[in-house]
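Accompanying notes for the structure given below.
Protein chains: 2
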Amino acid sequence: MARARASQDIHQTAEQVRAGDRRALARAITLVESARPSDRPRAEDLLNLLLPDTGRAIRIGISGAPGVGKSTFIEAFGAYVTGEGHRLAVLAIDPSSRRSGGSILGDKTRMESLARNPGAFIRPSPAGTTLGGVARRTREAMLVTEAAGFDVVLVETVGVGQSETAVADMVDVFVLLISPGGGDELQGIKRGVMELADIVIVTKADGVLKEAAVRAAADYAHALHMMRPKYSGSAPQVLQVSSVEGRGLAEAWSAIQSLRETFVSSGELSTLRATQLRRWFWSEVHEALLEEVQSSTAARSEAERLEAAAGSGEALPSAAAREFLARFRGS
Amino acid sequence: MARARASQDIHQTAEQVRAGDRRALARAITLVESARPSDRPRAEDLLNLLLPDTGRAIRIGISGAPGVGKSTFIEAFGAYVTGEGHRLAVLAIDPSSRRSGGSILGDKTRMESLARNPGAFIRPSPAGTTLGGVARRTREAMLVTEAAGFDVVLVETVGVGQSETAVADMVDVFVLLISPGGGDELQGIKRGVMELADIVIVTKADGVLKEAAVRAAADYAHALHMMRPKYSGSAPQVLQVSSVEGRGLAEAWSAIQSLRETFVSSGELSTLRATQLRRWFWSEVHEALLEEVQSSTAARSEAERLEAAAGSGEALPSAAAREFLARFRGS
Chain A
56 MARARASQDI HQTAEQVRAG DRRALARAIT LVESARPSDR PRAEDLLNLL LPDTGRAIRI
116 GISGAPGVGK STFIEAFGAY VTGEGHRLAV LAIDPSSRRS GGSILGDKTR MESLARNPGA
176 FIRPSPAGTT LGGVARRTRE AMLVTEAAGF DVVLVETVGV GQSETAVADM VDVFVLLISP
236 GGGDELQGIK RGVMELADIV IVTKADGVLK EAAVRAAADY AHALHMMRPK YSGSAPQVLQ
296 VSSVEGRGLA EAWSAIQSLR ETFVSSGELS TLRATQLRRW FWSEVHEALL EEVQSSTAAR
356 SEAERLEAAA GSGEALPSAA AREFLARFRG S
Chain C
56 MARARASQDI HQTAEQVRAG DRRALARAIT LVESARPSDR PRAEDLLNLL LPDTGRAIRI
116 GISGAPGVGK STFIEAFGAY VTGEGHRLAV LAIDPSSRRS GGSILGDKTR MESLARNPGA
176 FIRPSPAGTT LGGVARRTRE AMLVTEAAGF DVVLVETVGV GQSETAVADM VDVFVLLISP
236 GGGDELQGIK RGVMELADIV IVTKADGVLK EAAVRAAADY AHALHMMRPK YSGSAPQVLQ
296 VSSVEGRGLA EAWSAIQSLR ETFVSSGELS TLRATQLRRW FWSEVHEALL EEVQSSTAAR
356 SEAERLEAAA GSGEALPSAA AREFLARFRG S
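Order-wise, the sequence lines are chains A and C.
The opening residue of the first sequence carries number 56 in our numbering; numbering runs sequentially from there.
The opening residue of the second sequence carries number 56 in our numbering; numbering runs sequentially from there.
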């Protein structure tokens with residue numbers, strides 16, 4: 056009986072999400088992000104109901120080192136894209152947000168005008184214990200926003216740990232923001248991140264930095280030329296944008312759109328998305344198994360002890376792993 | 056009694072390995088690489104006995120696209136390094152080698168003179184079902200060769216799948232070989248691989264390609280300048296080598312050595328190795344859990360069905376993963 060009521064409830068929420076009800080959308084994402092195992096069946100019921108209405112959005116990943124002007128860019132880009140009649144959802148991946156217990160106010164404050172824009176929806180990063188945990192919730196939140204009719208989804212990463220790889224693995228087009236300015240500053244880009252980029256955007260291409268932006272764009276175009284693009288036959292483009300003056304936004308949006316259109320017609324997008332879904336399946340299996348192992352306090356402290364022994368060279372990592380799993384089974 | 060004999064046996068093998076007995080070394084690696092679960096305890100006994108004598112070698116990873124001249128380089132480099140009085144072990148990571156059931160003859164044929172060199176030891180890639188499986192065996196084979204007194208270990212990857220990342224995660228210095236020649240050819244480097252490189256070597260810097268090699272070296276130096284190096288304060292060097300004429304080999308060896316010496320004195324090497332060991336521990340836990348899941352035929356075919364359903368968008372990956380694990384528990 057309780058189950059039947061829950062199910063009706065979920066049907067109603069799904070209806071409201073599809074109708075574009077923003078409060079239902081927020082509620083649905085909260086359910087999907089819930090860390091309580093008892094919420095999972097309802098969350099999956101909801102997602103299964105919404106699944107047929109997902110997959111049609113342009114999924115864009117966006118990353119850049121602190122100070123690159125990410126919030127300012129997203130505000131300006133969001134204003135442009137919604138001005139073109141699109142509906143934009145902004146999601147964030149930030150495994151560190153658990154420290155502050157989420158950052159709803161923070162995100163809304165730093166993108167003040169976008170937060171008030173009726174064509175946009177901003178959702179901060181879920182609080183999650185692991186990157187895998189955060190990433191899988193963001194993947195699901197993306198599906199919910201798609202079912203709610205948002206046709207452009209922007210997944211932003213703050214660049215902690217492996218979060219760029221996680222974002223690149225759930226979007227169609229990955230955009231890397233770069234500051235103008237030479238030498239040492241350029242090296243602030245984390246290893247492996249540049250090669251994820253489908254499009255590079257040099258920010259702050261205005262005022263005193265205008266010339267530096269031109270040079271940085273040429274440098275990055277040269278460097279990117281030597282990497283194999285994610286999609287065949289399309290070397291990553293490098294663009295310049297001034298978020299403050301609003302210049303380059305139309306070009307950025309058109310580059311993203313035309314890149315994606317090429318992937319759609321070549322069939323590469325559907326191949327990519329199928330691969331992403333398969334990897335998601337296996338990472339869910341992996342996460343669930345590790346969660347099970349780590350859910351016991353005893354197992355967790357044992358893991359820490361053996362991990363330290365492996366790290367110091369006292370124990371062979373493979374033997375330590377076998378010992379750990381044997382104790383876990385035994386307990 | 057059988058166990059006591061095995062143990063004595065293992066002690067003897069460990070002795071022989073430490074004394075540099077090549078047949079014992081080959082036998083020890085075969086034991087370590089054995090896929091039979093019943094061999095695992097003896098393999099780990101052996102590795103535990105050898106552990107105190109490991110860790111002193113210079114561990115070098117080496118990668119490059121097919122056609123770059125990897126075997127020719129390793130032959131020439133190996134002749135130079137052993138000529139300097141070092142003892143060199145060459146190991147390979149090639150998850151695809153299971154298809155041919157290993158490639159002992161193949162590897163020895165393609166590095167004919169090095170195979171006859173008494174200061175060198177060549178071991179082909181172990182046959183393994185997964186990259187994780189191959190990588191952990193190669194990590195252990197590396198420990199065995201170190202205990203046998205090889206002070207330079209070269210781990211070669213053929214560049215299948217994520218094998219470069221696996222190799223980079225077990226070595227001190229990662230070397231990327233590059234062909235001279237511009238444009239399209241340059242793009243043959245897999246995404247993410249360039250940023251793993253601590254040192255880039257342009258091969259075939261002789262004859263008609265000599266000038267092209269100079270240009271390629273300048274191009275890559277420029278591109279690498281924009282990436283953050285693995286170790287602080289050391290932008291990756293780009294060198295040119297002619298394996299045929301023997302030019303640049305001394306410079307390559309000295310660059311690798313001095314890079315590593317810097318890491319040793321800064322303390323970065325011990326930090327890196329401790330991190331590698333900790334990650335190894337967790338990847339062993341992960342591999343063991345997945346192996347358990349996949350060891351049942353029923354579970355494996357169920358996984359394939361659900362993975363396909365997730366990939367086609369019929370099923371939500373997280374729900375499919377939960378269903379899979381529930382059935383696995385039930386069976």
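All C-beta atoms, glycine included, are put in the ideal place defined by N, C-alpha and C.
Give the DSSP bridge partners of residue i, in chain order.
{"i": "C/Q295", "result": "C/V257"}
{"i": "A/T212", "result": "A/I148"}
{"i": "A/R114", "result": "A/V208"}
{"i": "C/F379", "result": "C/F379 pairs with nothing; no bridge assigned."}
{"i": "A/V230", "result": "A/I117, A/I254"}
{"i": "C/A175", "result": "C/L143"}
{"i": "A/R302", "result": "A/S297"}
Rounded C-beta distance between residue i and residue j? I'm assuming under 8 Å.
{"i": "C/P235", "j": "C/V257", "result": "6 Å"}
{"i": "A/A148", "j": "A/T85", "result": "Going by the sequence as given, residue 148 of chain A is Ile instead of Ala. At roughly 17 Å, the Cβ-Cβ gap does not stay under 8 Å, so A/I148 and A/T85 are not in contact."}
{"i": "A/R377", "j": "C/A343", "result": "7 Å"}
{"i": "C/G124", "j": "C/S298", "result": "6 Å"}
{"i": "A/A252", "j": "A/V230", "result": "7 Å"}
{"i": "C/F202", "j": "C/D108", "result": "The amino acid at residue 202 of chain C is misidentified as Phe; the sequence shows Ala. The Cβ separation is near 4 Å, so the contact holds."}
{"i": "A/A134", "j": "A/N172", "result": "7 Å"}
{"i": "A/F176", "j": "A/L324", "result": "Between A/L324 and A/F176 the Cβ distance is about 24 Å, and since that is not below 8 Å, they are no contact."}
{"i": "A/T193", "j": "A/L146", "result": "5 Å"}
{"i": "A/A354", "j": "A/F318", "result": "Actually they are not in contact, since the Cβ atoms of A/A354 and A/F318 sit about 44 Å apart, beyond 8 Å."}
{"i": "C/A375", "j": "C/L361", "result": "4 Å"}
{"i": "C/P181", "j": "C/E300", "result": "Incorrect: roughly 34 Å between the Cβ atoms, too far for contact."}
So, residue i versus residue j, is the Cβ gap smaller than 9 Å?
{"i": "A/A403", "j": "A/Q295", "result": "Past the boundaries of the shown model lies residue 403 of chain A; chain A is included only from 56 to 386, so the question cannot be answered."}
{"i": "C/I115", "j": "C/V248", "result": "no"}
{"i": "C/D100", "j": "C/S126", "result": "no"}
{"i": "A/F367", "j": "C/W335", "result": "The question names Phe, yet the displayed sequence has Ser at residue 367 of chain A. No, the Cβ-Cβ distance between A/S367 and C/W335 is not below 9 Å."}
{"i": "C/E357", "j": "C/F379", "result": "yes"}
{"i": "C/A144", "j": "C/L209", "result": "yes"}
{"i": "A/V189", "j": "A/S218", "result": "yes"}
{"i": "A/D206", "j": "A/Q331", "result": "no"}
{"i": "A/L105", "j": "A/L198", "result": "yes"}
{"i": "A/D94", "j": "C/H277", "result": "no"}
{"i": "C/E250", "j": "A/E250", "result": "yes"}
{"i": "C/V293", "j": "C/V255", "result": "yes"}
{"i": "A/R73", "j": "A/G174", "result": "no"}
{"i": "A/A260", "j": "A/R302", "result": "yes"}
{"i": "C/L392", "j": "C/I117", "result": "This structure gives no information on residue 392 of chain C, because the portion of chain C shown stretches from 56 to 386."}
{"i": "A/L264", "j": "C/L102", "result": "no"}
{"i": "C/A365", "j": "A/R333", "result": "yes"}
{"i": "C/T200", "j": "C/R165", "result": "no"}
{"i": "C/E139", "j": "C/W337", "result": "no"}
{"i": "A/D76", "j": "A/R97", "result": "no"}
{"i": "A/V340", "j": "C/V348", "result": "yes"}
{"i": "C/Q67", "j": "C/R78", "result": "no"}
Is the closest heavy atom of the ligand ATP to the C-beta of residue i under 8 Å?
{"i": "C/T212", "result": "The ligand ATP is not part of this structure, which contains no ligands at all."}
Cβ-based contacts, 9 Å cut-off: residues of the segment 340 to 367 of chain A near chain C: V340, H341, E342, A343, L344, L345, E347, V348, A358, L361, E362, A363, A364, A365, G366, S367
Please list, in chain order, the residues of the segment 91 to 123 of chain C that have any C-beta partner in chain A closer than 7 Å. E99, L102, N103, L106, G110
Got a sec: which bits of the segment 255 to 277 of chain A sit with their beta carbon under 9 Å from any beta carbon on chain C, in order along the chain? The residues in question are D274, Y275, H277.
Chain-ordered residues of the segment 292 to 316 of chain A with a beta carbon less than 7 Å from chain C: none
Tell me which residues of the segment 173 to 205 of chain A have at least one Cβ-Cβ distance to chain C shorter than 9 Å, keeping chain order. R191, R194, E195, L198
Members of the segment 372 to 385 of chain C near chain A, C-beta cut-off 8 Å: P372, S373, A374, A375, A376, R377, F379, L380
Name the residues in the segment 321 to 334 of chain C whose C-beta lies less than 7 Å from a C-beta of chain A; which are they? A329, L332, R333
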